[in-house]
Amino acid sequence: MGDIRSAWEIANEKADKLGGLSQEEKRKQKEERCNQIGKALADKYLERENARYLETELKKYDEQDKESIARATLKRLTDAIDFRYAQALDKIKDGIFVLSKNSVKGVISQVEELFREYQQAEDSKRQEIEKAGREILHQMRVSGTAIGKVNIEANAQWQKDLAQISQPFEEKLRSLKQELLSI
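In terms of our numbering, the sequence shown opens at residue 10 and continues consecutively.
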């Protein structure tokens, strides 16, 4: 009759038979770990830190990990570029410069110009819709303090027009983001 073995011993025996991780599995695990660290660094930076935070944190890793983490951080920062959050562009831009050592100045300039063009198009459409709203109210003989400001955000036409305005800008922004990541 055989010896009675614990579940731990049986599990260890089976694990030994399976062997260790292959080189590919180790590489994938390391890549995933670096991606998670990079995303976390970018998120923390965007929430409350300054650009020196990224430099300081990246110095904690060896060269190979640092490169993978910087790439993941750059991807996360690039993904964060969005017309709805134009006020965050300066911070994102500073973080990207830290990670890419100014090799992306031309692309960032194009992104900034695209943001200006988008803002101008949005402001123009906003004024157009506000004017139309005031005219409608004037025709209804509503005037004076009864009209504080036309709330176009609640206007379905505004939402539709905004989506229509933003589409070509979004396409160009996607292209610039890809260019940022390929540098």
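Virtual Cβ for every residue (Gly too), placed ideally from N, Cα, C.
Supposed contact pair residue j and residue i - C-beta distance, whole angstroms, cut 8 angstroms
{"i": "LEU67", "j": "LYS75", "result": "5 angstroms"}
{"i": "ILE90", "j": "VAL120", "result": "7 angstroms"}
{"i": "ARG80", "j": "GLY29", "result": "Actually they are not in contact, since the Cβ atoms of ARG80 and GLY29 sit about 27 angstroms apart, beyond 8 angstroms."}
{"i": "ILE192", "j": "SER133", "result": "Wrong, their Cβ atoms sit about 33 angstroms apart, outside the cutoff."}
{"i": "CYS43", "j": "SER77", "result": "4 angstroms"}
{"i": "TYR94", "j": "PHE178", "result": "The pair is not a contact, with the Cβ atoms about 14 angstroms apart (cut-off 8 angstroms)."}
Straight-line Cα distance separating residue j from residue i
{"i": "LYS26", "j": "LYS37", "result": "22 angstroms"}
{"i": "GLU40", "j": "LYS186", "result": "22 angstroms"}
{"i": "MET10", "j": "ALA24", "result": "Only weak support is given to the placement of MET10: the predicted model assigns it a pLDDT of 44, under 50, and the question is left unresolved by the model."}
{"i": "LYS140", "j": "ARG150", "result": "15 angstroms"}
{"i": "ARG6", "j": "GLN32", "result": "With the chain covering 10 to 192 only, the question about residue 6 has no answer from this structure."}
{"i": "LYS169", "j": "ASP52", "result": "31 angstroms"}
{"i": "HIS147", "j": "ASP88", "result": "44 angstroms"}
{"i": "TRP17", "j": "GLN73", "result": "36 angstroms"}
{"i": "ALA49", "j": "ALA20", "result": "35 angstroms"}
{"i": "GLU34", "j": "SER109", "result": "29 angstroms"}
{"i": "ARG125", "j": "LYS114", "result": "16 angstroms"}
{"i": "HIS56", "j": "ASN164", "result": "What sits at residue 56 in the sequence shown is Glu, not His. So the two alpha carbons sit approximately 31 angstroms from each other."}
{"i": "SER184", "j": "GLN45", "result": "25 angstroms"}
{"i": "GLU180", "j": "PHE92", "result": "12 angstroms"}
{"i": "ILE13", "j": "GLU22", "result": "14 angstroms"}
{"i": "GLU58", "j": "GLN176", "result": "32 angstroms"}
C-beta contact flag for residue i and residue j at 8 angstroms
{"i": "LEU123", "j": "LEU182", "result": "yes"}
{"i": "CYS83", "j": "LEU190", "result": "The sequence given here has Leu at residue 83, not Cys. Closer than 8 angstroms, so yes."}
{"i": "TYR54", "j": "GLY104", "result": "yes"}
{"i": "ILE174", "j": "ALA130", "result": "yes"}
{"i": "ILE145", "j": "GLN166", "result": "no"}
Beta-carbon proximity list for residue i, same chain, < 7 angstroms, skipping 5 on both sides
{"i": "ALA60", "result": "ASP103, GLY104 and VAL107"}
{"i": "ALA172", "result": "none"}
{"i": "SER118", "result": "none"}
Nonlocal neighbours in the same chain, by C-beta distance under 8 angstroms from residue i, ignoring five residues either side
{"i": "THR65", "result": "none"}
Sequence-distant residues of the same chain with beta carbon closer than 6 angstroms to residue i, five excluded per side
{"i": "GLU188", "result": "VAL116"}
Segments of 4+ residues assigned as alpha helix (DSSP H) that fall wholly inside the segment 86 to 150: 98 to 109 and 114 to 148
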